[in-house]
Amino acid sequence: MDTHTRPELTDEQIAALGDELDELRGRLIMDLGQRDTDYIRRIIKLQRALEVTGRGLLFAGFLPPAWVGGTAALALSKILDNMEIGHNVMHGQYDWTKDPALDSKRFEWDTACPGDQWRHSHNYMHHTHTNVLGRDRDIGYGVLRMSEDQPWRPRDLGNPVYAALLAAFFQWGVAVHDLEVERIEAGEIEWSDKRDILAAIWRKGRRQVLKDYVVFPALAGPGAPFVLAGNLTANLTRNLWSYMIIFCGHFPAGVAEFSEEEVEGETRGGWYLRQMLGSANLTGSRLFHILSGNLSHQIEHHLFPDIPAHRYAEIATEVRAICERYGLPYNTGPLHRQFGSVVRKICRLALPGPRGRDGRRPEPDPERAADPRPFPETAAEPNLALAA
Amino acid sequence: MSAAVVPPIPPPPHRLGARLLRSSLVDLLLGPHGVDRYLELVRPVATVTEARAEVIDVRRQTPRSATLTLRPNSAWTGFQAGQFVRAGFEIGGVRRTRTYSPAGAEQDGHECLELTVTVHPEGLVSRHVRDALAPGALVHLGPAQGEFVLSRPRPRRLVLISGGSGVTPVMAMLRTLCAEGHDGEIVFLHYARAREDWLYEPEVRELARRHRHLRASYRSTRGPGAGPRLSADSLAADFGVSDDSWAAVCGPPALLEAARTAWRELGGVRERLLAETFTPAPLADPGAVAQGTVSFLRSGRRVPIAGGTLLEQAEAAGLSPEFGCRMGICHTCTCRKAEGAVRNLRTGVLSTEQDEDIQLCVSAPAGDVALEL
Chain A
1070 MDTHTRPELT DEQIAALGDE LDELRGRLIM DLGQRDTDYI RRIIKLQRAL
1120 EVTGRGLLFA GFLPPAWVGG TAALALSKIL DNMEIGHNVM HGQYDWTKDP
1170 ALDSKRFEWD TACPGDQWRH SHNYMHHTHT NVLGRDRDIG YGVLRMSEDQ
1220 PWRPRDLGNP VYAALLAAFF QWGVAVHDLE VERIEAGEIE WSDKRDILAA
1270 IWRKGRRQVL KDYVVFPALA GPGAPFVLAG NLTANLTRNL WSYMIIFCGH
1320 FPAGVAEFSE EEVEGETRGG WYLRQMLGSA NLTGSRLFHI LSGNLSHQIE
1370 HHLFPDIPAH RYAEIATEVR AICERYGLPY NTGPLHRQFG SVVRKICRLA
1420 LPGPRGRDGR RPEPDPERAA DPRPFPETAA EPNLALAA
Chain B
123 MSAAVVPPIP PPPHRLGARL LRSSLVDLLL GPHGVDRYLE LVRPVATVTE
173 ARAEVIDVRR QTPRSATLTL RPNSAWTGFQ AGQFVRAGFE IGGVRRTRTY
223 SPAGAEQDGH ECLELTVTVH PEGLVSRHVR DALAPGALVH LGPAQGEFVL
273 SRPRPRRLVL ISGGSGVTPV MAMLRTLCAE GHDGEIVFLH YARAREDWLY
323 EPEVRELARR HRHLRASYRS TRGPGAGPRL SADSLAADFG VSDDSWAAVC
373 GPPALLEAAR TAWRELGGVR ERLLAETFTP APLADPGAVA QGTVSFLRSG
423 RRVPIAGGTL LEQAEAAGLS PEFGCRMGIC HTCTCRKAEG AVRNLRTGVL
473 STEQDEDIQL CVSAPAGDVA LEL
């Protein structure tokens, strides 16, 4: 493990950390109510309005301004749908509203990945086993080499190429995530074990393809090429954006990884600690946070994945203060720096090594290690809730 | 209050377009969210697959009640007199669902629903209905359910017995039979705490005046004007029980018990007494193992409450519910609780609502509980 970013805490300190965070969580839960329901409904209304506007404008897509406006509106709609709405609703953040339209178990999003599979691979596999190599399949999505501890193979030379392809086709990468292709490849499981998963991906993916690439273009008659191109561009934009945001959550320099042995018998406090050390935030404007589905508050999200995400900005200061008290890093930075760090990692890990002197990790990013301030970035953004 | 006072109901909107909106093409184009998620943004009641209603009128018949007149949308499929519906009201950003028996005639049931709600001093929903609900408000509806319904052909001799807010399903039966022009004998007996709590009294008296086969009697059970409680003697004075007699009884458990005893003593056919009641379940203290039963509705299994979480109890009962983290994070084991009380072991929060989603891995029963599992 990376000792540069992992302070040693005693068991008592870890337990106290857990208690503090549980207390914070309890306070948040008691405070949930009308404000949160109103917030997510406003975002949903905005998303549906953007979607209808975008699709409408694309029918006039032969006019360049209509095409650009329509494509942009549709891309924004898909980004909001997948991130601030879909990802967060499917985490159970709004289950307490008892509104079936906001029910984590029933929600479906406007992307190829079936909601049920996402709930398994993300909510359970990733959020329970965050950054545990061998358990958290989000480390490289079974395609990329994202950790020094993943043994290098010659095919990893293509790491940057695979990463670019994954970014461009991210909705499909996410859709096939639960197929666990790397385990099929390794002979651990058979294709036949995944028949139901594959069938569900086919059912969902087919409808998405039909809708965006066949029926909507067909409805436009002679304008079909403009609608098709607009829908393709909107999906591509959403793919690139969500890929960037998601890869900044756990892969920037300084984020800790864990081994299966390390998490053996982990306490609740230990789980919280791992979430804090294994996640990284992004700084930005209120709009940026909304468009990132508040995954820009990845640390807060991993501590409290089922608390409405628009609350993360409100508690960020407190979480950061807790980190400071326990001497824990609070990894945050602007998108260009965090994503730049991810890109460097993807490129570096295409090659074997370089490893540290003792055959373990390389030294941390010198830029970061040299920064004497405990919290180099500005304080978290204030309240994110949209104005009523 | 007579039926004529209910305000006229305009024809429901969107019925013509509803078929098109429910088509598979529209479902594909508006997928994966579906047509209702768009329609509701234009007008919340305009959904075509989810039954909803708009409040037309709120009136107070008695100090402790509120009567709602609702206009359901095209997705509502009506009810049989005596059945109940789940009605959901959004209060403080949370949908609160309660069960009510519509009191109107089933013939009008597609266009109009009448719910009479008894207001409890601590009741979150009932106080909201009385104090905050206004015409135009939205009510979510579940499908009508329940076996408390009249047989066909209609009983030739029928006694309708109700206590308190239990009047609503038998009121629906009475109005339905009157609207059908039923000419069999009907005796209507209502018990309430005091005269000021008598629900539907003017209307029932008016119906009795117009339908000579109907006799009605209202009785108070407390205070100076209190009359005799229901017994074999008192029932025999109002209604001659014979082999072809039917009874429909709705009210608190004590009234049901009294009615069953009287029916038996007077020689009524057991199967011809229809009964419905409402009982609040006793709750266990935090930390204690509750007494009662866990019912798994889908698998039809029932087990006595044991220690541990509901996930463990479901597994011990031979079920294999989905689960993930087993520590309350991932919501994989989230399950619909149809009714009953459970306590969240992580937060200590008690869930007593109907139709509430709970996390099995961090919930323990606090009394009888029924799960959609």
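So the protein sequences, as listed, match chains A and B.
The numbering used here applies: residue 1070 is where the first sequence begins, and numbers increase by one.
The numbering used here applies: residue 123 is where the second sequence begins, and numbers increase by one.
Don't be surprised by glycine CBs; every beta carbon is placed ideally from N, CA and C.
It should be emphasised that the depicted structure is a prediction, and the values quoted were computed from it without experimental measurement.
Can you give me the Cβ contacts of residue i inside the same chain, cut-off strictly under 7 Å, excluding the 5 residues immediately before and after it?
i         : result
A:Asp1434 : Note that A:Asp1434 scores a pLDDT of 46, beneath 50, so its modelled location is shaky; the value from the coordinates is reported in the next line. So the qualifying residues of the chain are Ala1322, Gly1323, Ser1410.
B:Asp366  : Arg278, Arg279
A:Glu1436 : Confidence in A:Glu1436 is poor, its pLDDT being 45 and thus under 50, which makes the residue's placement unreliable; the coordinate value appears in the next sentence. Counting only Cβ-Cβ distances below 7 Å, and skipping sequence neighbours, we find nothing.
B:Arg334  : none
B:Val271  : Gln202, Ala203, Gly204, Gln205
Starting from residue i, follow the beta strand (DSSP E) in both directions and report where the run begins and ends.
i         : result
B:Ile480  : 478-481
B:His262  : 260-263
A:Asn1350 : 1350-1352
B:Arg174  : 174-181
B:Thr238  : 235-240
B:Ala209  : 207-213
B:Phe102  : No information on residue 102 of chain B is available, as it lies outside the stretch 123 to 495 that chain B covers here.
A:Arg1394 : Counting along the chain, A:Arg1394 falls outside any beta strand (DSSP E), though it belongs to the alpha helix (DSSP H) covering 1381-1394.
Spatial neighbours of residue i within its chain, please: CB distance less than 8 Å, with the 5 preceding and 5 following residues excluded, ordered by chain position.
i         : result
B:Leu352  : Ile283, Leu311, Tyr313, Leu377, Ala380, Ala381, Ala384
B:Arg347  : Just to set this straight, residue 347 of chain B is Gly in the shown sequence, not Arg. Only Ala316, Arg317 meet the Cβ criterion.
A:Ala1118 : none
B:Leu182  : Note that residue 182 of chain B is Arg in the sequence shown here, rather than Leu. Within the same chain, B:Arg182 has close Cβ partners Ala188, Thr189, Arg252.
A:Met1194 : Arg1204, Asp1205, Arg1206, Asp1207
B:Leu388  : Ala354, Leu357, Ala358, Val363
Under 6 Å Cβ to Cβ from residue i, same chain only, skipping five residues before and after it: list those, please.
i         : result
A:Leu1231 : A small correction: the amino acid at residue 1231 of chain A is Tyr; Leu does not occupy that position in the sequence shown. Cβ within range, chain order: Val1212, Leu1213.
B:Met123  : Its pLDDT being 37, under 50, B:Met123 is placed unreliably in this model, and the coordinates cannot settle the point.
B:Ser287  : Thr240
B:Pro133  : A caution first: B:Pro133 carries a pLDDT of 43, below 50, which makes its placement in the model unreliable, though a value can still be read off. Result list for B:Pro133: empty, nothing under 6 Å.
B:Arg394  : Trp368
B:His232  : Gly200
B:Thr219  : Arg208, Gly210, Gln476, Asp477
B:Ser223  : Phe206, Thr290, Pro291
Can you give me the start and stop residues for the alpha helix (DSSP H) that residue i sits inside?
i         : result
B:Leu299  : 289-302
B:Ser485  : Looking at the DSSP string, B:Ser485 is not in any alpha helix (DSSP H); the run it does join, the beta strand (DSSP E), is 485-493.
B:Ser248  : 246-253
A:Gly1402 : Counting along the chain, A:Gly1402 falls outside any alpha helix (DSSP H), though it belongs to the beta strand (DSSP E) covering 1401-1403.
A:Ser1311 : 1293-1319
A:Leu1267 : 1264-1278
B:Thr372  : Reading off the sequence, residue 372 of chain B comes out as Cys, not Thr. No alpha helix (DSSP H) holds B:Cys372; the beta strand (DSSP E) holding it covers 367-373.
A:Ala1289 : Taken as a continuous stretch (DSSP letters only), A:Ala1289 belongs to no alpha helix (DSSP H), as it is neither H nor E.
A:Asn1200 : No alpha helix (DSSP H) holds A:Asn1200; DSSP gives it neither H nor E.
A:Glu1089 : 1080-1100
So does residue i have its beta carbon nearer than 6 Å to some heavy atom of the ligand MN?
i        : result
B:Gly390 : Among the components modelled here there is no ligand, and therefore nothing to report on the ligand MN.
Item to check | Positions along the segment 1275-1303 of chain A whose CB lies within less than 9 Å of some CB in chain B | outcome: Arg1276, Gln1277, Leu1279, Lys1280, Val1284, Phe1285, Leu1288
Checklist entry - Which runs of the beta strand (DSSP E) fall wholly inside the segment 304-337 of chain B and span at least 3 residues, in chain order? => result 307-314
Checklist entry - For the segment 1338-1346 of chain A against the segment 1076-1090 of chain A, are there 3 or more C-beta pairs whose distance is under 8 Å? => result yes
Next on the checklist: For a minimum of 4 consecutive residues, which ranges assigned as the alpha helix (DSSP H) are wholly contained in the segment 1121-1182 of chain A?
Outcome noted: 1133-1149
Next on the checklist: Residues of the segment 141-154 of chain B in Cβ contact with chain A at a cutoff of 7 Å, in chain order, please.
Outcome noted: Leu150, Leu151, Gly153, Pro154
Checklist entry - Which residues, in chain order, does the segment 1375-1402 of chain A contribute to contact with chain B at a C-beta distance below 8 Å? => result Asp1375
Next on the checklist: Across the segment 1246-1266 of chain A and the segment 1161-1173 of chain A, are there enough close Cβ pairs to call them in contact, namely three or more that are closer than 8 Å?
Outcome noted: no
Checklist entry - Can you list, in chain order, the residues of the segment 1348-1361 of chain A whose Cβ is nearer than 8 Å to any Cβ on chain B? => result none
Item to check | the segment 150-164 of chain B in contact with the segment 198-206 of chain B per 3-pair CB rule at 8 Å | outcome: no
Checklist entry - In chain order, what residues of the segment 280-294 of chain B put their CB closer than 7 Å to some CB of chain A? => result none
Checklist entry - Is the segment 1133-1141 of chain A close to the segment 1095-1114 of chain A, with three or more CB pairs under 8 Å? => result no
Checklist entry - Is the segment 187-201 of chain B touching the segment 256-272 of chain B in the sense that three or more CB pairs, one from each, lie closer than 8 Å? => result yes
Next on the checklist: Using a Cβ distance threshold of 8 Å, determine whether the segment 1283-1301 of chain A contacts the segment 1120-1128 of chain A, with at least three qualifying pairs required.
Outcome noted: yes
Item to check | Interface positions of the segment 250-282 of chain B facing chain A (Cβ-Cβ less than 9 Å), listed along the chain | outcome: His262
Item to check | the segment 422-439 of chain B in contact with the segment 482-492 of chain B per 3-pair CB rule at 8 Å | outcome: yes
Item to check | Stretch pair the segment 164-177 of chain B + the segment 254-263 of chain B: three plus CB contacts closer than 8 Å | outcome: yes
Next on the checklist: I'd like to know if the segment 1244-1252 of chain A and the segment 1288-1302 of chain A are in contact, where contact means that at least 3 CB-CB pairs between them fall below 8 Å.
Outcome noted: no
Next on the checklist: Under 8 Å: do the segment 1294-1311 of chain A and the segment 1387-1395 of chain A share three or more Cβ pairs, one atom per stretch?
Outcome noted: no
Next on the checklist: Pairs of beta-carbons, one from the segment 167-174 of chain B and one from the segment 215-223 of chain B, closer than 8 Å: are there three or more?
Outcome noted: no
Checklist entry - For the segment 1228-1242 of chain A against the segment 1351-1371 of chain A, are there 3 or more C-beta pairs whose distance is under 8 Å? => result no
Checklist entry - For the segment 1089-1104 of chain A, which residues have a CB atom closer than 9 Å to at least one CB atom of chain B, in sequence order? => result Asp1091, Arg1094, Gly1095, Ile1098, Met1099, Leu1101, Gly1102, Gln1103, Arg1104
Next on the checklist: Along the segment 1135-1169 of chain A, where does the CB come closer than 9 Å to a CB of chain B? Name the residues.
Outcome noted: Asp1150, Met1159, His1160, Gly1161, Asp1164, Trp1165, Thr1166, Lys1167, Asp1168, Pro1169
Item to check | Within 9 Å of chain B by C-beta, residues of the segment 1329-1349 of chain A in sequence order | outcome: Arg1337, Trp1340
Checklist entry - Which of the residues in the segment 215-229 of chain B, read from start to end, lie with their CB under 9 Å from any CB of chain A? => result Gly215, Val216, Arg217, Arg218, Thr219
Checklist entry - Relative to chain A, which residues along the segment 296-309 of chain B have a C-beta separation below 8 Å, given in chain order? => result none
Next on the checklist: Please list, in chain order, the residues of the segment 1171-1183 of chain A that have any C-beta partner in chain B closer than 8 Å.
Outcome noted: Asp1172, Ser1173, Lys1174, Glu1177, Trp1178, Asp1179
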